[in-house]
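Sequential numbering of the sequence shown, starting at 6, is according to this note's numbering.
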Amino acid sequence: MGTSRVTIIGGGAGGLAASIDLARRGVAVTLLEAAPYCGGKIRQLRAGDLGVDAGPTVLTMRDVFESLFADAGTSLTDHLTLHRTDVLVRHSWTSGGTLDLFGDKERSAAAIEAFAGKAEAQGFRDFIARAAKVHKMLDGPFMRSPRPTPLSLATAGNPIKMWGVSPFTTLWKALGEHFHDPRLLQLFGRYATYTGSSPFEAPATLMLIVSVEQEGVWLVEGGIIRIAKALSDVAALKGVNIRTNAKVAEIVVKNGRAAGVKLANGEFIESDAVVCAADFRAIAAGVFGRAAIKAVPQPKPNTRSLSAVTWALVGKTEGFPLVRHNVFFAENFRSEFDDTLGRGRLPNYPTIYVCGQDRGQPGQNPDGQPERLLVQVNAPPNGDSHQYTAAEIEQCAKTTFAQLERCGLKIERGTEQTASPTDFDKLFPATGGALFGQLVHGSMAAFHRPGSKTALPGLYLAGGSVHPGPGVPMALLSGRLAAASVLKGLTSR
C-alpha cells in the first residue's frame, strides 16, 4: 500500500475512529472538519463562562472505545477518567410519581415494585432477560458486521432463536407483554427515541438498548466533549493531519472514482480514497458537488429521525431532587409523536430530558448554586423547510418549563443558548435537523441504512446516519467498518 492517501470529511466520532484505524496501518490521513473543533454531534455550547455539553451525555458500550484505543497502542483510561453511574435516570410524571432506574437490575426491580406493584416488577425482570437475549443475538451479527441482511442474521445463529427477538412486532406491542402501568410503558417506550424514532412504529429489537445500559453507563470527567478531545489526540499521535475550519465544497471524481476533495477556498486535496463521515444525505443533496450525488441512495424526507429543541443554560434549581439524568413525562405520550413526526410541529405535551451536568460524579454538589443544565425536547426534522422563529422557540420554552414546574422542578433561567431544528440543519446540512439519521420504523428499516461502501469507487461512508446507526459507540463502529473497507479497497487496487 505504501503511501496511500485518504481524506476524511467530518471530525465526528465516526470520522475520528476511521482516521485512527487508517493511520495506524500506515495510511497518510487528512481529516477535514468544517467546525472550529472536532466532535460532530459531541459538542459544547457556552452559557456565560461555562461550557455545557449539548449533544450526547453518557458513555455506553465501553468495550467499543477500549478496543479502538488498545488497537492504537494506548488505553482508554490514559485519556479519559470515567465514573460508572449508579442512578441511570430519574423519571417523573405530571400525573404524579417518581421512579429511579439503577445500574443494578434488582434495585430497579425493587423500585418498580414500590412504584407500581409486584406484577410490574416481575414484568421488568422478564423484559430485561428478553432484552439481554436480543442484545446477544444482534451484537455481533448485526451491529459489528459490515453489511448485515435479514438472511445473514438468520444464518448467523439458530433461526428459531432469531425469531425470538421479535423482529416483526413494534416496541410498544412488546412492552405491552410485560407492563400494564401506562407510566412504565412510557418509560421504556422512550428508548425508541434513542434512535430518533417512535415506539409505536419502531421494532421491538430496540429493547436491546435497555440491556446495553445494564452493562454500564459512565460519566466522563470534564464532560462528554472530552471524548472528542481524546479521539483527536490519539488521531494526532498516529500522524493524522487534522484541519479544522476546513469546509469541503466538492468530492472530486476522476476516471469514475473519488480522487480527492476541493475545499471552499478552492484548495484541492488529491486522495486515493475519500471517507465521508457527514450525514449521507449531504452527498445525495449535492452539498459536496454533483459528481457524487448518485453514489448513495436518494432518501425520502419522511424517513428522517427526530430533531430537538435544546436549552444549554446555567441557572438555579429548586423543588425537584435532580440527579445527572432526568426525564419528565406528560400524560398524552402518543400525541408527542403525532405532532413531531406526523404534523411537523413542536409537541404540545413533550417528554423533557434534563441533564444536570454538575451532578452525579464524586464531589459534585450544586447545593443551591447556579448549575449547568441541558434541557431537551423532541422536535420535527423540518429545519430546512421551516424557519423556527424566536417567538416559536419561546412559546416552546413556556410549554416546557411550565411542564417541569408541574413535576415540581423550578429552573431560574439565567444565561443560555438555544438550538432548534433550523440550527441543527445548518450544522448538519441536508438533514432538516434530524439528529439520528433515518427513522427506524418497521422491521426492515435498520437494513436500509447505507453501509460503508458506496456506488462510487473510492468513496466510503461513516457516521451515525449509516450502519450500524446513531449514537457515539455506533458511530465509532461505523468508522472502523469504513476503515476496513478502505484498506481492502486500497489493497485490491
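Heads up, the beta-carbon is just placed ideally off N, CA and C, and yes, glycines get one too.
Looking at the structure shown, is residue 229 part of a helix, part of a strand, or coil, going by DSSP?
-> Residue 229: coil per DSSP, three-state reduction.
Report whether the distance from the Cβ of residue 21 to the nearest heavy atom of the ligand COA is below 7 Å.
-> Absent from the structure shown: the ligand COA. Ligands present: none.
Residue 231 to residue 225, Cα distance in whole Å?
-> Distance from the CA atom of residue 231 to the CA atom of residue 225, rounded to whole angstroms, is 7 Å.
Taking DSSP as the reference, what is the three-state secondary structure of residue 261?
-> Correct three-state label for residue 261: coil.
Classify residue 344 as buried or exposed, calling it buried when 16 or more other Cβ atoms lie within 10 Å of its own Cβ.
-> Under this definition residue 344 is a buried residue.
Mind checking which residues open and close the beta strand (DSSP E) that includes residue 49?
-> Segment 49 to 52, the beta strand (DSSP E) holding residue 49.
Is the beta carbon of residue 294 less than 8 Å from the beta carbon of residue 323?
-> Not closer than 8 Å, so no.
I think residue 47 touches residue 229, with their Cβ atoms under 8 Å apart; what is that distance to the nearest whole Å?
-> Right, the Cβ-Cβ distance comes to about 6 Å (below 8 Å), so this counts as a contact.
Mind the definition here: the segment 279 to 286 touches the segment 378 to 391 only if three or more C-beta pairs lie below 8 Å; say whether that holds.
-> With a cut-off of 8 Å, the segment 378 to 391 and the segment 279 to 286 do not count as touching, because too few Cβ pairs lie within range.
With burial defined as no fewer than 16 other Cβ atoms inside 10 Å of the residue's Cβ, what is the status of residue 129: buried or exposed?
-> Residue 129 is buried by the Cβ-count criterion.
Residues near residue 66 by beta carbon distance below 7 Å, same chain, minus five either side = Result list for residue 66: 217 and 478, in chain order.
Compute the Euclidean distance between the alpha carbons of residue 137 and residue 183, then round it to the nearest angstrom.
-> Computed Cα separation, rounded: 15 Å.
Residue range of the beta strand (DSSP E) that residue 321 falls in?
-> Where residue 321 is concerned, the enclosing beta strand (DSSP E) stretches over 312 to 324.
Within its chain, find whatever has a CB closer than 8 Å to the CB of residue 485; leave out the 5 residues flanking it on each side and keep chain order.
-> Taken in chain order, the residues that qualify are 22, 23, 26 and 73.
What's the gap between the Cα of residue 483 and the Cα of residue 374?
-> Take the alpha-carbon of residue 483 and the one of residue 374: they are about 41 Å apart.
Measure the alpha-carbon distance for residue 165 versus residue 476 and round it to whole angstroms.
-> Note that residue 165 scores a pLDDT of 45, beneath 50, so its modelled location is shaky; the value from the coordinates is reported in the next line. Residue 165 and residue 476 have their C-alpha atoms some 30 Å from each other.
Is it right to say residue 431 is buried, meaning 16 or more other beta carbons lie within 10 angstroms of its own, or is it exposed?
-> When all chains shown are included, residue 431 counts as exposed.
Endpoints, the alpha helix (DSSP H) within which residue 38 is located = Run containing residue 38: none; DSSP gives neither H nor E here.
With a cut-off of 8 Å, do at least 3 Cβ pairs link the segment 360 to 376 to the segment 325 to 336?
-> Three or more beta-carbon pairs drawn from the segment 360 to 376 and the segment 325 to 336 are found closer than 8 Å, and the two stretches are therefore classed as touching.
With a cut-off of 8 Å, do at least 3 Cβ pairs link the segment 184 to 201 to the segment 91 to 105?
-> Segment contact: the segment 184 to 201 against the segment 91 to 105, three or more CB-CB distances shorter than 8 Å; contact assigned.
From 387, 264, 376 and 493, pick the residue whose C-alpha is nearest to that of residue 351; which is it?
-> The shortest Cα separation from residue 351 among 387, 264, 376 and 493 belongs to 387.
Three-state secondary structure (DSSP) at residue 168?
-> The pLDDT assigned to residue 168 is 49, lower than 50, so where the model puts this residue is not dependable; a value taken from the coordinates is nonetheless given after this. In the structure shown, residue 168 adopts helical secondary structure according to DSSP, grouped into three states.
Which residues in the same chain as residue 168 place their Cβ atom closer than 6 Å to its Cβ, once the five residues preceding and following it in sequence are excluded?
-> Residue placement at residue 168 cannot be trusted, given a pLDDT of 49 that sits under 50; the coordinates are not used to answer.
Which same chain residues, not among the five before or five after residue 349, have their C-beta less than 8 Å away from its C-beta?
-> The residues 385, 387 and 391, in chain order, have a CB closer than 8 Å to that of residue 349 in the same chain once the five nearest residues on each side in sequence are set aside.
Which word fits residue 11, buried or exposed, when buried means at least 16 other C-beta atoms lie within 10 angstroms of its C-beta?
-> Around the beta carbon of residue 11, 16 or more other beta carbons sit within 10 angstroms, so the residue counts as buried.
Secondary structure of residue 12, DSSP reduced to three states = Strand at residue 12.
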